[in-house]
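Start counting the sequence shown at 132; every next residue gets the next number (our numbering).
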Amino acid sequence: MNITVKQLRAFVAVAKTRSFTEACAQVHLSQPALSVAIKNLEEALGGQLLARTTRTLALTPEGEAFYPTAQRLLADLDEAFDEMHNRFSLFRGKVAIASMPSFASNQLPLAIKTFRERYPKINMMIHDVIAEDVVDMVRGGRVELGVSFDPGDTEDLVFQPLFDDRFIAVLPQAHPLAGVEVVGWQALLEDDFIILQRPSSVRLLVERILEGEGLSLSPQFETHQLATIGRMVAMGLGVSVVPSLCRGQMNELGAVCCELEAPKITRQVGVITRRRYPLSTAAKELVDVLLTSY
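As structure tokens, this is what we get:
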């Protein structure tokens, strides 16, 4: 069965007006074209919908039964077309993003503000999760895009870099090294050290770099969140190293941040998306805002 929207609109116009002349004006068809549309619809359905005489135009019982169905189909189509137009025009929609907490609490709000000013009708779902979970959420399709460290060589993901982030030292305000410009690794490692638990990518990266320099990491405290590290350092429980994008958060928590001497630890932060899955229009625009903000 091959029924077109044109045929449905023609039938509904005729059924509503009971006039071919008025129906032609409503659907912008000539009378021969309107007659052909009705005839093709009747052939597709298998019977007559209109009873025509030289003086009257009426619906057959089957036409009466089909009329509300045709109206509902057209209303549903119009609603669907309007919805998709609004989504493509960014008048409506929703986009989900996952971000590691250090970026979500420091840099992401500015990008969201810019996006919101451009597209105020787009709703956003923000998941602030650890870096490893960002990758898993994107890979599993639970979010359209994520912001995290470079996940490395992956066939199913696309990584678009935003900026290079370097690691910095975090010290209590009363620490003897708090006033120096650059802190040495040896001095840090001799103090009580606080770091994220495995399998945190931050933890694994720090360990790998230090091992390459012949240095060993023996932390006294391990935790799951960078915010907890900042609070513990501020309380004088030890020292740590964190990505520099956490600098503002560490300062707010009461800790002091200093540059680190070699070996320098840097890592790219960027947008992660799935390679073989197209983004929604809203997600594309959010990626563009992120890429042009840094």
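Glycine included, each C-beta is placed from N, C-alpha and C at the ideal position.
Leaving out five residues on either side along the sequence, give the residues of the same chain with a beta carbon under 6 angstroms from the beta carbon of residue i.
{"i": "residue 334", "result": "326, 327"}
{"i": "residue 373", "result": "301, 357"}
{"i": "residue 172", "result": "138, 142"}
Using 8 angstroms as the threshold, is the C-beta distance between residue i and residue j below it?
{"i": "residue 405", "j": "residue 270", "result": "yes"}
{"i": "residue 380", "j": "residue 295", "result": "no"}
{"i": "residue 226", "j": "residue 268", "result": "no"}
{"i": "residue 386", "j": "residue 414", "result": "no"}
{"i": "residue 308", "j": "residue 421", "result": "no"}
{"i": "residue 87", "j": "residue 158", "result": "Shown here, the chain extends from 132 to 425; a query on residue 87 therefore has no answer."}
{"i": "residue 208", "j": "residue 194", "result": "no"}
{"i": "residue 323", "j": "residue 369", "result": "yes"}
{"i": "residue 396", "j": "residue 348", "result": "no"}
{"i": "residue 151", "j": "residue 138", "result": "no"}
{"i": "residue 392", "j": "residue 313", "result": "yes"}
{"i": "residue 245", "j": "residue 424", "result": "yes"}
{"i": "residue 507", "j": "residue 403", "result": "Shown here, the chain extends from 132 to 425; a query on residue 507 therefore has no answer."}
Would you tell me roughly how many angstroms separate the C-alpha atoms of residue i and residue j, rounded to the nearest one?
{"i": "residue 229", "j": "residue 277", "result": "4 angstroms"}
{"i": "residue 321", "j": "residue 306", "result": "13 angstroms"}
{"i": "residue 286", "j": "residue 297", "result": "26 angstroms"}
{"i": "residue 238", "j": "residue 279", "result": "12 angstroms"}
{"i": "residue 160", "j": "residue 273", "result": "47 angstroms"}
Which of the three DSSP states, helix, strand or coil, is assigned to residue i?
{"i": "residue 374", "result": "strand"}
{"i": "residue 292", "result": "strand"}
{"i": "residue 390", "result": "strand"}
{"i": "residue 404", "result": "strand"}
{"i": "residue 135", "result": "coil"}
{"i": "residue 140", "result": "helix"}
Please decide whether residue i counts as near chain B, where near means a Cβ-Cβ distance under 8 angstroms.
{"i": "residue 424", "result": "In the structure shown, chain B does not exist; there is a single protein chain."}
Which same chain residues, not among the five before or five after residue i, have their C-beta less than 8 angstroms away from its C-beta?
{"i": "residue 143", "result": "198, 201, 202, 205"}
{"i": "residue 145", "result": "151, 154, 165, 169, 181, 188"}
{"i": "residue 410", "result": "275, 276, 404, 418"}
Please work out which residues of its chain come closer than 7 angstroms, Cβ to Cβ, to residue i, disregarding the five sequence neighbours upstream and downstream, and give them in chain order.
{"i": "residue 340", "result": "394, 396"}
{"i": "residue 248", "result": "none"}
**Prompt:** Can you give, in chain order, each stretch of the beta strand (DSSP E) that sits fully within the stretch 165 to 229 and has at least 3 residues?
**Reply:** 181 to 183, 188 to 190
**Item:** Whole runs of the alpha helix (DSSP H) within the stretch 239 to 312, excluding any shorter than 4 residues
**Value:** 239 to 249, 262 to 270
**Request:** Scan the stretch 309 to 382 and note each continuous alpha helix (DSSP H) run of 4 residues or more that stays entirely inside, going in chain order.
**Result:** 316 to 320, 332 to 343, 357 to 365
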